[in-house]
C-alpha cells in the first residue's frame with residue numbers, strides 16, 4: 001500500500017489526539033490520557049516546542065471505512081468510564097481517516113555522546129499494520145535525528161510487549177535495561193510538588 | 203556548608219565538562235566521554251538548546267584544595283587509556299574549584315500527561331557529598347520543571363547503584379521498570395545509520 005510520511009502540521013493535532021487515544025484504548029488505559037488536541041497544538045507548535053511529530057498518510061482510496069471503527073481496538077467495555085473518549089467520538093468526521101499513524105519524538109542529550117532523539121510514541125492503526133508504515137515512521141525519525149547530528153535513537157518498551165521488543169531488537173536496537181540494568185524513575189503528583197518545594201532559595 | 207544553585211552560563215562549560223569526566227571516571231568509563239566543552243557550549247547555549255544545566259557553587263573559602271584531587275575518584279589506573287583525561291588535567295587551573303556539582307536536564311513530552319522534565323546527570327564532587335547539595339540540585343530541577351508546567355521529573359538509575367535507587371525512592375520517586383516493566387532501548391552507530399537509510403523518500 002502506498003503511504004507517505006510527513007512532518008505533522010498544527011492542523012493534524014486532532015488526528016494525532018485521536019490516535020493517542022486509540023493507543024491508550026489498546027493498552028486498556030483510556031482514562032490516563034489528559035492531553036487535548038489544544039495542548040498538543042500549544043506544546044508542539046510554538047517557539048521552543050516540547051516535541052515534534054511525523055504522520056503517515058494513505059491516499060483517499062485507502063481511507064478507513066468508518067471513522068469510529070478503530071476505536072474498538074481495546075473493546076467497547078474499556079470506554080465506559082472515559083467521557084473524553086465519548087466526547088471525541090461525537091466530534092469525529094464520519095467519512096474515514098487518511099492519517100493512519102504517527103511517531104512523536106523530541107531531542108535529548110547525552111553528556112557522554114551528545115545529541116540524541118527519543119521516540120515517545122509509535123502507532124499505526126490496526127488495519128494498516130504489516131505494510132511497513134511503522135518501520136517507515138521509525139526510520140524517518142532516525143533520519144531526522146541523524147540530520148541533526150543525533151548519535152542515538154532511544155525509546156521505551158513494556159517487557160510484556162514481546163512482539164515489539166523482538167521487532168526492535170531484530171532491527172538492531174540494544175535493550176539497555178536487560179544489558180546494563182537501567183531503571184526508569186519518575187517523580188510526579190505530590191512527590192514532585194514536595195521535591196520542588198525543597199529547592200534552595202536564589 | 204553554604205552553597206548556591208544557579209543556572210549554568212556558557213562560561214561554565216569547562217567546569218561542567220570536567221565534572222562529566224569525573225563522573226565517568228567514578229563509573230570506570232572515562233573513554234566513553236566524547237563530548238568536549240565546545241560541544242556543550244554549542245548544544246546548550248544556542249537557540250533551541252538541547253539541554254539546560256544547573257551548577258552548585260560554594261564560597262571561595264570552601265573551594266577544593268587541589269584542582270586534580272577529584273580526578274582520583276575512580277583510581278589512577280582507570281585513567282591510563284584516556285588521552286582526553288590527561289589533556290584535561292593539564293589545562294585545569296591549580297587553585298581549586300568552587301563549582302562542585304551540576305544537574306543537566308531537558309524537556310520531554312508525554313502524550314498522555316504533557317510536559318515533562320528529564321534529569322540526565324546529577325553529580326556532586328565526593329568531598330561535598332552529604333551536605334544537601336545533590337538534593338538541592340535535584341529539587342531545583344523539579345522547581346524549574348513545575349514552573350514550566352511539567353507534571354513529571356524523570357531519570358534513569360543503574361540497578362547496581364542501590365544507594366541512589368533507595369535515596370530516590372525514599373524521596374517519593376516511582377521505579378517504573380520494577381513496577382510496570384519498562385525497558386529502555388537504543389539504536390546507535392551502525393544500527394542507527396541502517397535504520398535512517400530505510401526512511402521513505404519524501
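Chains as they are written, first to last, in our numbering: chain E, 1 to 202; chain C, 203 to 404.
We put the beta carbon where it would ideally sit given N, CA and C, even for glycine.
The model shown is predicted, which means the values in this text are computed figures rather than measured ones.
With 8 Å set as the bound, which would you pick, yes or no: does the beta-carbon of residue 188 of chain E sit closer than that to a beta-carbon of chain C?
Taking the first chain and counting its residues from 1, the one referred to as residue 188 of chain E is at position 188. Output row for residue 188 of chain E: interface = yes.
With a threshold of 8 Å between beta carbons, is residue 328 of chain C in contact with chain E?
Position 126 of the second chain, counted from the first residue, corresponds to residue 328 of chain C. No, residue 328 of chain C does not count as interfacial toward chain E.
Helix, strand or coil: how does DSSP classify residue 340 of chain C here?
Within the second chain, numbered from 1, the residue matching residue 340 of chain C stands at position 138. Three-state DSSP puts residue 340 of chain C in a helix.
Determine the chain E residues that contact residue 241 of chain C at a beta-carbon separation under 7 Å, and present them in chain order.
Here residue 241 of chain C refers to the residue found at position 39 of the second chain. Correct list: 114.
Grouping DSSP H, G and I as helix and E and B as strand, with all else coil, what is residue 107 of chain E?
Walking along the first chain from the start, residue 107 of chain E turns up at place 107. Three-state result, residue 107 of chain E: strand.
What is the DSSP secondary structure of residue 27 of chain E, counted as helix, strand or coil?
Stepping through the first chain from its first residue, residue 27 of chain E is reached at position 27. Reduced to three states, the DSSP call for residue 27 of chain E is coil.
Opening and closing residue of the alpha helix (DSSP H) in which residue 43 of chain E lies
In the first chain, residue 43 of chain E corresponds to position 43, counting from 1. Segment 37–44, the alpha helix (DSSP H) holding residue 43 of chain E.
Below 8 Å on C-beta distance, what does residue 181 of chain E contact in chain C?
By one-based count along the first chain, residue 181 of chain E stands at place 181. What residue 181 of chain E touches in chain C: 360, 361, 362.
Less than 8 Å between the beta carbons of residue 113 of chain E and residue 237 of chain C, yes or no?
One-based indexing of the first chain puts residue 113 of chain E at position 113. One-based indexing of the second chain puts residue 237 of chain C at position 35. Going by C-beta atoms, residue 113 of chain E is nearer than 8 Å to residue 237 of chain C.
Roughly how far, in whole angstroms, is the beta-carbon of residue 7 of chain E from the beta-carbon of residue 54 of chain E, given that I think they are within contact range, below 8 Å?
Here residue 7 of chain E refers to the residue found at position 7 when the first chain is read from its first residue. Here residue 54 of chain E refers to the residue found at position 54 when the first chain is read from its first residue. Confirmed, Cβ separation roughly 6 Å.
Going by the CB atoms, is the gap between residue 259 of chain C and residue 206 of chain C shorter than 8 Å?
For the purposes of this step, residue 206 of chain C is taken as residue 4 along the second chain, with counting starting at 1. For the purposes of this step, residue 259 of chain C is taken as residue 57 along the second chain, with counting starting at 1. A contact, by the Cβ cut-off of 8 Å.
Limits of the unbroken beta strand (DSSP E) element including residue 4 of chain E:
Counting from 1 along the first chain, the entry for residue 4 of chain E is found at position 4. Segment 4–7, the beta strand (DSSP E) holding residue 4 of chain E.
Per DSSP, residue 184 of chain E is paired with what?
Counting from 1 along the first chain, the entry for residue 184 of chain E is found at position 184. Beta-bridge pairing links residue 184 of chain E to C:358.
Would you give the residue range spanned by the beta strand (DSSP E) that residue 391 of chain C belongs to?
In the second chain, the residue the question calls residue 391 of chain C occupies position 189. Note, residue 391 of chain C: premise wrong, no beta strand (DSSP E); alpha helix (DSSP H) at 391–399.
Which residue's Cα is closest to the Cα of residue 115 of chain E: C:346, C:404, C:235, C:367?
Reading the first chain from its first residue, position 115 is the one you call residue 115 of chain E. Out of C:346, C:404, C:235, C:367, C:235 has the C-alpha closest to the C-alpha of residue 115 of chain E.
Does the beta carbon of residue 98 of chain E come closer than 8 Å to any beta carbon on chain C?
Working through the first chain from its first residue, we reach residue 98 of chain E at position 98. No, because no Cβ of chain C sits closer than 8 Å to the Cβ of residue 98 of chain E.
Going by the CB atoms, is the gap between residue 122 of chain E and residue 142 of chain E shorter than 8 Å?
Here residue 142 of chain E refers to the residue found at position 142 of the first chain. Here residue 122 of chain E refers to the residue found at position 122 of the first chain. No, Cβ-Cβ distance for residue 142 of chain E and residue 122 of chain E is not below 8 Å.
Could you tell me which chain C residues have their CB closer than 9 Å to the CB of residue 57 of chain E, listed as they occur along the chain?
The residue given as residue 57 of chain E occupies position 57 in the first chain. By Cβ distance, chain C contributes nothing, its closest Cβ being about 11 Å from residue 57 of chain E, past 9 Å.
Under the three-state DSSP convention, the category residue 56 of chain E falls into
Taking the first chain and counting its residues from 1, one reaches residue 56 of chain E at position 56. Three-state result, residue 56 of chain E: strand.
With which residues is residue 318 of chain C paired in a DSSP beta bridge?
Residue mapping note: residue 318 of chain C aligns to position 116 of the second chain, counting from 1. Residue 318 of chain C pairs with C:310, C:354.
Distance between residue 368 of chain C and residue 384 of chain C (C-alpha atoms, nearest Å)
Counted from its first residue, the second chain places residue 384 of chain C at position 182. Counted from its first residue, the second chain places residue 368 of chain C at position 166. Approximately 19 Å between the Cα atoms of the pair.
Relative to the C-alpha of residue 220 of chain C, which residue among C:320, C:302, C:261, C:262 is closest?
For this step, residue 220 of chain C is matched to residue 18 along the second chain. Ranking the options by Cα distance to residue 220 of chain C, first place goes to C:302.
Once DSSP output is grouped into helix, strand and coil, what is the label at residue 299 of chain C?
Walking along the second chain from the start, residue 299 of chain C turns up at place 97. Note: residue 299 of chain C maps to coil in three-state DSSP.
When DSSP labels each residue in this structure, what does residue 121 of chain E get in the three-state scheme?
Reading the first chain from its first residue, position 121 is the one you call residue 121 of chain E. Strand.
What separation, rounded to the nearest whole angstrom, lies between the Cα atoms of residue 173 of chain E and residue 52 of chain E?
On the first chain, position 173 is the one that residue 173 of chain E refers to. On the first chain, position 52 is the one that residue 52 of chain E refers to. Between residue 173 of chain E and residue 52 of chain E, the C-alpha separation is close to 22 Å.
Would you check if the distance between the CB atom of residue 192 of chain E and the CB atom of residue 354 of chain C is smaller than 8 Å?
Taking the first residue of the first chain as 1, we reach residue 192 of chain E at position 192. Taking the first residue of the second chain as 1, we reach residue 354 of chain C at position 152. Cβ distance < 8 Å, so residue 192 of chain E and residue 354 of chain C count as in contact.
Interface residues of chain E around residue 207 of chain C at Cβ under 8 Å?
Taking the first residue of the second chain as 1, we reach residue 207 of chain C at position 5. The answer, in chain order, is 199, 200.
C-beta atoms of residue 348 of chain C and residue 196 of chain E nearer than 8 Å
Counting from 1 along the second chain, the entry for residue 348 of chain C is found at position 146. Counting from 1 along the first chain, the entry for residue 196 of chain E is found at position 196. Cβ atoms of residue 348 of chain C and residue 196 of chain E: closer than 8 Å.
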